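The block underneath contains the structure these notes are about, expressed in structure tokens.
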Amino acid sequence: MVVTRSAATSVSDLLSTFRLVLLGGARQTGKTTLVRELLGLPATARLSLDDPATLRRALDDPTGLLEALPRPAAIDEFQRGGAGLLLAVKQAADLDDRRGQLLLTGSANYLADRSVSETLAGRVGRLVLWPLSTGERRGVRETFVDHLLHTAGWPPPTPEPVGRSELVEMILAGGYPEVVTQDLRGRSRRAWFDGYVQDVVPARRSGPWPRSGWRTSCAPYCACWRPGRRASSSSPGWRRKPT
Numbered sequence: 001m002v003v004t005r006s007a008a009t010s011v012s013d014l015l016s017t018f019r020l021v022l023l024g025g026a027r028q029t030g031k032t033t034l035v036r037e038l039l040g041l042p043a044t045a046r047l048s049l050d051d052p053a054t055l056r057r058a059l060d061d062p063t064g065l066l067e068a069l070p071r072p073a074a075i076d077e078f079q080r081g082g083a084g085l086l087l088a089v090k091q092a093a094d095l096d097d098r099r100g101q102l103l104l105t106g107s108a109n110y111l112a113d114r115s116v117s118e119t120l121a122g123r124v125g126r127l128v129l130w131p132l133s134t135g136e137r138r139g140v141r142e143t144f145v146d147h148l149l150h151t152a153g154w155p156p157p158t159p160e161p162v163g164r165s166e167l168v169e170m171i172l173a174g175g176y177p178e179v180v181t182q183d184l185r186g187r188s189r190r191a192w193f194d195g196y197v198q199d200v201v202p203a204r205r206s207g208p209w210p211r212s213g214w215r216t217s218c219a220p221y222c223a224c225w226r227p228g229r230r231a232s233s234s235s236p237g238w239r240r241k242p243t
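Under full-length UniProt numbering, the first residue of the sequence shown carries the number 1, and numbering increases by one thereafter.
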């Protein structure tokens, strides 16, 4: 199953406007795939800091790493390079004012980091890539907001109706590209989501969550925890607050 991402147009617009583009989002939302398909870069112009050797180069000599890259280029998991790579990217953008030099991908939290915003101010365009929308999954352009802003076309055309069974299946599958494009179902889908939670969600304290037992208390509320499992008042962590 091939899915066309609505964000591709926005990324292209940012590349034609800014020297740098930072594409953020959760893991497995399709950032790397979008960059690869959109830019069609050769392997020499694509780096991933998930690779230990590449990460070591980025930490030891970020300036040299960037100087060796052709333009345009893409750096995946950019946030792993730390402050040194961030400053090297800023310097590279200051020395060369060409648009669309570097497309950087990283976590959504890094995208919102104040130090990143201040360091790259005026040089970078930002975009968050979310999981697949309903329109992307069905291959339909979503124009509801467009019709709201341009009332001459109101009411909007009625889309093809979605049957109840199809709607339920779409909700259970969620929007992560791998689950959707590989049509994972049943145990395979459950195993994928369980693995995602174990790999991505930190077991240590994060923000306001308590250190122990938060997975147990939060899991029933997470749609991605176990698709197909119906939450109820007897689920772990479900407790009505006293009034």
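Every residue gets a Cβ at the ideal spot worked out from N, C-alpha and C, and that includes glycine.
Owing to the predicted nature of the structure, the values given are computational and were not obtained by experimental measurement.
Q | Secondary structure of SER107, DSSP reduced to three states | A | What you label residue 107 is simply residue 107 of the sequence shown in a count that begins at 1. The answer is coil: DSSP assigns SER107 none of H, G, I, E or B.
(Q) By DSSP's criteria, ALA45 is part of a beta bridge. Which residues make up the other side? (A) As a working mapping, residue 45 is identified with position 45 in the sequence shown. For ALA45, which the question treats as bridged, DSSP gives no partner whatsoever.
Q | Within 7 angstroms, strictly: CB atoms of GLY106 and GLY24 | A | The sequence position of residue 106 within the sequence shown is 106, counting from 1. The sequence position of residue 24 within the sequence shown is 24, counting from 1. Result yes, Cβ atoms of GLY106 and GLY24 sit closer than 7 angstroms.
Q: Since I believe LEU38 is in contact with ALA8 (beta carbons under 8 angstroms), could you give me their beta-carbon distance rounded to a whole number of angstroms?
A: Here residue 8 refers to the residue found at position 8 when the sequence shown is read from its first residue. Here residue 38 refers to the residue found at position 38 when the sequence shown is read from its first residue. The pair is a contact, with the Cβ atoms about 5 angstroms apart (cut-off 8 angstroms).
Q) Out of curiosity, what's the CA-to-CA distance linking PHE18 and LEU103? A) For the purposes of this step, residue 18 is taken as the residue at position 18 of the sequence shown. For the purposes of this step, residue 103 is taken as the residue at position 103 of the sequence shown. Looking at the two C-alpha atoms, the distance is approximately 10 angstroms.
Q: Tell me the start and end of each unbroken alpha helix (DSSP H) in the UniProt domain "AAA" (19-136) that is at least 4 residues and wholly inside, in chain order.
A: 31-39, 52-60, 62-67, 82-95, 108-111 and 114-119
**Q.** Pairwise C-alpha distance: ALA45 and GLN91
**A.** Taking the sequence shown and counting its residues from 1, the one referred to as residue 91 is at position 91. Taking the sequence shown and counting its residues from 1, the one referred to as residue 45 is at position 45. Whole-angstrom Cα-Cα distance: 19 angstroms.
**Q.** Cβ-Cβ separation, GLU67 to LEU49 (assumed contact under 8 angstroms), whole Å
**A.** Counting from 1 along the sequence shown, the entry for residue 49 is found at position 49. Counting from 1 along the sequence shown, the entry for residue 67 is found at position 67. In fact, because the Cβ distance is near 17 angstroms, the residues do not count as touching under 8 angstroms.
Q) Would DSSP call PRO177 helix, strand or coil? A) For the purposes of this step, residue 177 is taken as residue 177 along the sequence shown, with counting starting at 1. PRO177: helix per DSSP, three-state reduction.
Q | Reduced DSSP secondary structure (H/G/I, E/B, other) of TRP154 | A | On the sequence shown, residue 154 is found 154 positions in, with the first residue counted as 1. Three-state result, TRP154: coil.
Q | Identity of the residue in VAL2, LEU34, MET1 and ALA26 nearest SER10 by Cα | A | Position 10 of the sequence shown holds residue 10. Comparing Cα positions, the closest option is LEU34.
Q. For the alpha helix (DSSP H) that contains VAL200, what are its first and last residues?
A. Counted from its first residue, the sequence shown places residue 200 at position 200. Taken as a continuous stretch (DSSP letters only), the alpha helix (DSSP H) holding VAL200 covers 186-200.
Q. Got a sec, what are the start and stop residues for the alpha helix (DSSP H) VAL11 sits in?
A. Mapped onto the sequence shown, residue 11 falls at position 11. Residues 7-15.
Q: Classify LEU148 as buried or exposed, calling it buried when 16 or more other Cβ atoms lie within 10 Å of its own Cβ.
A: Taking the first residue of the sequence shown as position 1, residue 148 is located at position 148. By the 10 Å Cβ count, LEU148 comes out exposed.
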